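Working notes, structure below.
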Amino acid sequence: RALDPGKTLVNAVSKSGSTAETLAGLAVFLKWLKAHLGEVWRRHLVVTTDPEEGPLRAFAEREGLKAFAIPPEVGGRFSVFSPVGLLPLAFAGADLDALLMGARKANETALDPLEESLPLKTALLLHLHRHLPVHVFMVYSERLRHLPAWFVQLHDESLGKVDREGRRVGTTALPALGPQDQHAQVQLFREGPLDKLLALVIPEAPVEDLEIPAVEGLEAASYLFGKTLFQLLKAEAEATYRALAEAGQRVYALYLSEVSPYAAGWLLQHLMWQTAFLGELWEVNAFDQPGVELGKRLTRALLTQGG
1 RALDPGKTLV
11 NAVSKSGSTA
21 ETLAGLAVFL
31 KWLKAHLGEV
41 WRRHLVVTTD
51 PEEGPLRAFA
61 EREGLKAFAI
71 PPEVGGRFSV
81 FSPVGLLPLA
91 FAGADLDALL
101 MGARKANETA
111 LDPLEESLPL
121 KTALLLHLHR
131 HLPVHVFMVY
141 SERLRHLPAW
151 FVQLHDESLG
161 KVDREGRRVG
171 TTALPALGPQ
181 DQHAQVQLFR
191 EGPLDKLLAL
201 VIPEAPVEDL
211 EIPAVEGLEA
221 ASYLFGKTLF
231 QLLKAEAEAT
241 YRALAEAGQR
251 VYALYLSEVS
261 PYAAGWLLQH
271 LMWQTAFLGE
281 LWEVNAFDQP
291 GVELGKRLTR
301 ALLTQGG
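In UniProt numbering, the protein residues as written are 1 to 307.
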C-alpha cells in the first residue's frame, strides 16, 4: 500500500545506533522523505537509540531530530517497556497505562519466596528440564500471535551462552500458534522425539465471541452447533495439552484471565523475569549477546570488501 509521506512518521530504532538493517532502512526512507517533503522532512523522522553514543545519536544531533533514549543498561530484547515498545504502541492507540499496570503486577511477587513467585517457579521448571533441547512456546490467541517470535529472541539470545565454567548451555525456543499449528507441529510433538518442554498460553475469556449456528446439511458438525468460537478454541487448547501429556511430552500451561493490554503487560514482564532467573540458574549473563557481534563484524567486512 502506498504511503502518504505527509502523513507518515518514520521511527529509526537501534540501541547501538549501528544496526545495519536499521541504518539501511533509514537511508531508504530518508531519500523518500527528502524527495517528497523537501526541507520539512525532519518533522517526519525520529530516532530511538542510546542517549549519548552511536552513529544514530550523532546523526539525530547533527540534523536536530527528535530522539528518544533507550536506557543503556536495558538490552534490546528487554526494552519493550522503554520508548522502543511504548512509542509505536502509543501511535497504535494501545492502552499504555493498562499495559504498564500489568507489568507492575508481575513485579510485585517476582522476587518473593518460591511459593509466591510464578516466574521463579517456571524458571525452575525449565531448569529441571534443561536436558530437553527444545522449548516450545505455543500461544492460543490471535491477538498474541507475535508473542512467540519475541519470546524466541528473549530466550535464545539471553540463554544460549558459554557459562562461567566454559560450558555451552541453552535450549532452543520454538514458536507455535494455536490452533493453526495443531495441523503442522503437533504431529511432531505427539509422535516425534520426546525431547521437548512445551508451554501453552491459554486465555480463559474471549475478547469477543460468536455463536456457531446450526446449518442444515452439515449434521456432521452438529457437535459444534450452539457452541461459541471461543469454546472451540479453549477445547482445542485443552485437548492439545492432554494429547501431548499422554504422549509423554513435558507440558505446562499459563492461563490468562483475559487477553488485554493489562494481561499482555503481565505476561511480557513475567517472561523477562523468568529469563533473568534462568540466567542465574544456568550461570550465564542473560543480558549480553557476545555471540551476535562476530556476525555483525563479518557482515560489515564482506560489504566493505565488495566495494
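For every residue, glycine included, the Cβ atom is placed at its ideal position computed from N, Cα and C.
None of the values given here were measured: they were computed from a predicted structure.
Around the Cβ of V139, a 10 Å sphere holds 16 or more other Cβ atoms; the residue is buried. In the three-state reduction of the DSSP assignment, T49 falls in the strand class, which pools E and B. For H135, the uninterrupted beta strand (DSSP E) run begins and ends at V134 to V139, by DSSP. Unbroken alpha helix (DSSP H) stretches of 4 residues or longer found wholly inside the stretch 247-296: 261-281, given in chain order.
Per DSSP, P203 is one residue of the beta strand (DSSP E) stretching across K196 to P203. Here DSSP, grouped into helix, strand and coil, assigns L229 to helix.
Taken in chain order, the unbroken stretches of alpha helix (DSSP H) that lie wholly in the stretch 74-125 and span 4 residues or more are 83-91 and 96-110. Burial check for V201: the Cβ neighbour count within 10 Å reaches 16 or more, so the residue is buried. For L9, the secondary structure class from DSSP, reduced to helix, strand or coil, is coil. Leaving aside the five residues that flank A243 on each side, the residues in its chain whose CB is nearer than 8 Å to its CB run, in chain order, V186 and R190. Burial state of S14 is buried, judged by a 10 Å Cβ sphere holding 16 or more other Cβ atoms.
Closest by C-alpha distance to A264, out of W32, P72 and R104, is R104. When the five nearest sequence neighbours on each side are left out, the beta carbons in the same chain lying within less than 7 Å of the beta carbon of L26 are those of A12, in order along the chain.
Burial is judged here by how many other beta carbons sit within 10 angstroms of a residue's own beta carbon; H146 has fewer than 16 and is exposed. Annotated as distal: G170 and A237, with beta-carbon spacing of 8 Å or more. The stretch 79-93 and the stretch 279-298 do not touch, with fewer than three beta-carbon pairs separated by less than 8 Å.
Cβ contact annotation for L114 (same chain, cutoff 8 Å, sequence separation greater than five): L120, K121 and L124, in chain order.
Annotated three-state conformation of R164 is coil, per DSSP. The shortest CA-to-CA distance from L33 to any of F225, D4 and A221 is the one to D4. Per DSSP, the beta-bridge partners of L174 are V136. In this model, R250 and T240 are separated by some 12 Å (Cα to Cα). Secondary structure note for K34: its alpha helix (DSSP H) is the uninterrupted segment A20 to L37.
Put simply, the backbone Cα of L87 is about 43 Å away from that of P193. When Cβ pairs closer than 8 Å are counted between the two stretches, the stretch 245-259 is seen to touch the stretch 197-215, the count reaching three or more. Across the structure, G6 and V40 are spaced so that their CA atoms are roughly 10 Å apart. Using a C-beta cut-off of 8 Å, the stretch 214-233 makes no contact with the stretch 150-163, since fewer than three inter-stretch Cβ pairs fall below that distance.
Note on K196: 16 or more other CB atoms within 10 angstroms of its CB, so buried under the neighbour-count rule. For T228, the closest alpha carbon among the candidates A221, I212, L174 and A235 is that of I212.
For V169, the pairing in a beta bridge is given by DSSP as K161.
In the three-state DSSP reduction, A2 falls in the coil class, being neither helix nor strand.
Within the model, the alpha-carbon separation for Q305 versus P290 is close to 24 Å.
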